[in-house]
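Okay, so here's the structure we're looking at.
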Amino acid sequence: MRVSHYFEWERAITGGQAQSVANQRRILDDHGIAYTTSPDVSADILHLNNMGPRSVYHARRARQAGTPVVVHTHQTAADFENSFAFSNLLAKPMGPYLEYAYGLADVLVCPSEHNRAVVDRYTGVPKRVISNGFDPNKLDGYDDPDLRAAYLDRYDLDPPVVFNVAHVLERKGLETFIETARAMPDIDFVWFGYLNPTGGFFGQFLQSSESKRLVESAPDNCTFTGYVEDIAGAFAAGDIFYFPTHNENEGMALLEAMSTGVPPVIRDIDTYDWLDDGQTCLKADSVDGFGTALRALVDDPDERDRIGQKARTETERFTLDTVGDQLVALYRDLADA
């Protein structure tokens, strides 16, 4: 079997989508499946990860050639909103465009049940829910006391530290994160991640004026680190993962954080219906509610440990080994059809 594994705009896109593609290619390598990153419709399967115009063109070519087309549904119109400058203007036509683009697939891979429910409104194309997964090896060393001490010192943080790992976007709950920090001045909050949607020089022009304003208005106990080379250091420094995102297809950083045994405090959105409030996480939907949840964990190390350990157990089914078997099974089903 040979797979054409194409990621349009690969050099420009960072964050969860890029990590998902890297995870998929790691799976292909681990299972000994030959692949090219070029859009090659002579391959046994064409797997597309970003339905830009070139991907749509190659999907149409593949259908004409009889090559099965797999499309990962990383994008929805809802998660396009409040992401970067001009994204809200583009979100409205995004829905009809995705209806057409996703309709070109033979199978759609949805990273969560919530994502599948959203994409069901776009098209009746068959779907499989396969998590983006996470690579535990990416976090090697997160439990090293020296790494923790280095990151606490680098950003002048005093435990217990409330943290997030994500691109700095309004959609990710930026304003809520900042206002919660403002309401809890005795606690250090830190957000690890790019301060712009794509990273690099070009990304500075895509950052919305509102997100810039919010970051500049943050109180002294709220730190934005920008991109960090060793992401394990972020998880080493953090004690409570605070993820007030408004919309998410899955959220790999949440899975990573849970796998390290830290308790998550998350917004009560449909994506996280599978997480049990009070057991594997704490949920809220307002600054006051988040403050109450965070304070309970800040003041009670035993409760942090209890929820963190239950959260860690939940992530065992999201490792690349498990997710990889599901993706390879899909490939084989299509190749044998």
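At position 11 of the sequence shown (counting the first as 1) the number is 17 in the working numbering, and the numbers step up by one without a gap. Every residue gets a Cβ at the ideal spot worked out from N, C-alpha and C, and that includes glycine. No experiment lies behind these values; they were computed from the predicted model shown.
On a Cα-Cα basis, can you pick out the residue from the options that is closest to residue i?
i	options	result
Trp280	Pro307, Thr321, Leu300 and Gly267	Thr321
Leu303	Leu333, Ser265 and Gly244	Gly244
Thr42	Val115, Val268 and Val9	Val9
Phe13	Leu261, Ile33, Ala155 and Leu54	Leu54
Phe169	Phe183, Asp294, Asp192 and Asp159	Phe183
Asp327	Gln81, Pro142, Val77 and Met7	Pro142
Val171	Arg134, Val271, Gly295 and Thr82	Val271
Cys228	Pro191, Glu235, Asp308 and Tyr63	Pro191
Met7	Asp164, Leu52 and His64	Leu52
Ala263	Thr325, Asp308 and Ile275	Thr325
Gly2	Ile193, Asp236, Ile39 and Asp342	Outside the shown range of the chain, which is 7 to 343, sits residue 2, and nothing can be said about it.
Arg323	Phe140, Ala156, Ala18 and Gly38	Phe140
Ala155	Ala240, Ile19 and Arg338	Ala240
Arg338	Ile275, Tyr103 and Ile39	Ile39
Measure from the C-beta of residue i to each C-beta in chain C and report whether the shortest distance is under 8 Å.
i	result
Glu309	No chain C appears in this structure, which consists of one protein chain only.
Going along the chain, which residues of its own chain have a beta-carbon closer than 6 Å to the beta-carbon of residue i, five neighbours each way excluded?
i	result
Val47	Arg67, Ala68, Ala71 and Thr73
Ile313	Pro269
Leu226	Per the sequence shown, residue 226 should be read as Asp rather than Leu. So no residue of the chain qualifies.
Asp188	It is worth fixing the name first, because residue 188 is Arg in this sequence and not Asp. For Arg188, where only same-chain residues beyond five positions count, the Cβ hits under 6 Å are Pro225.
Thr286	Lys316, Ala317 and Glu320
Arg60	Glu14
Val62	Ala107
Gly21	His173
Ser26	Asn138
Arg310	Pro269 and Leu303
Phe211	Any reading at Phe211 must be qualified, since the residue scores a pLDDT of 44, below 50, and its modelled position is unreliable; no value is offered.
Asp283	Lys289
Tell me which residues share the same chain as residue i and place their Cβ nearer than 7 Å to its Cβ, disregarding the 5 neighbours each side in the sequence.
i	result
Ala238	Leu145, Asp146, Gly147, Tyr148 and Leu153
Glu105	Tyr128 and Thr129
Asp36	Gly330
Val174	Leu180, Trp197, Gly199, Tyr200, Leu201, Ser217, Val221 and Phe230
Asp150	Ala242
Ala83	Ala97, Met100, Gly101 and Leu104
Ala28	none
With residue i and residue j assumed to form a contact (beta carbons below 8 Å), what rounded beta-carbon distance in angstroms separates them?
i	j	result
Ser217	Leu180	6 Å
Asn121	Thr79	6 Å
Leu300	Thr186	7 Å
Tyr1	Gly199	Nothing about residue 1 can be read from this structure; the chain reaches only from 7 to 343.
Asn253	Arg177	6 Å
Met57	Val77	6 Å
Arg134	Leu340	Actually they do not touch by this definition, with Cβ atoms about 11 Å apart.
Ile136	Val115	5 Å
Lys65	Leu110	Residue identity differs from the one stated: residue 65 is Ala in this sequence, not Lys. That pair is a contact at about 4 Å.
Under 8 Å, do residue i and residue j count as touching if we go by C-beta distance?
i	j	result
Phe247	Val221	no
His11	Gln30	yes
Asp112	Val75	yes
Asp294	Arg273	no
Val124	Tyr108	no
Thr266	Gly257	no
Ser44	Thr277	no
Phe249	Leu260	yes
Leaving out five residues on either side along the sequence, give the residues of the same chain with a beta carbon under 8 Å from the beta carbon of residue i.
i	result
Leu333	Gln30, Ile33, Val115 and Ile136
Asp342	none
Asp305	none
Leu158	Asp164, Pro165, Val167 and Ala243
Asp85	Arg177, Asn253, Glu254 and Asn255
Ser223	Ile184
Residue ranges of each alpha helix (DSSP H) within the segment 220-249, 4 or longer:
Unbroken alpha helix (DSSP H) runs of no fewer than 4 residues, entirely contained in the segment 220-249, are found at 237-243, following chain order.
Ignoring anything shorter than 3 residues or poking outside the segment 125-183, list the beta strand (DSSP E) runs there in chain order.
Those beta strand (DSSP E) runs which fall completely within the segment 125-183 and span 3+ residues are 133-135 and 168-171.
Report the start-end ranges of each alpha helix (DSSP H) in the segment 21-73 that is 4 residues or longer and not cut off at the edges.
DSSP runs (the alpha helix (DSSP H)) wholly in the segment 21-73: 22-36 and 59-71.
Within the segment 282-322, ranges of the beta strand (DSSP E) (whole runs, at least 3 residues):
List check, beta strand (DSSP E) in window: 288-290.
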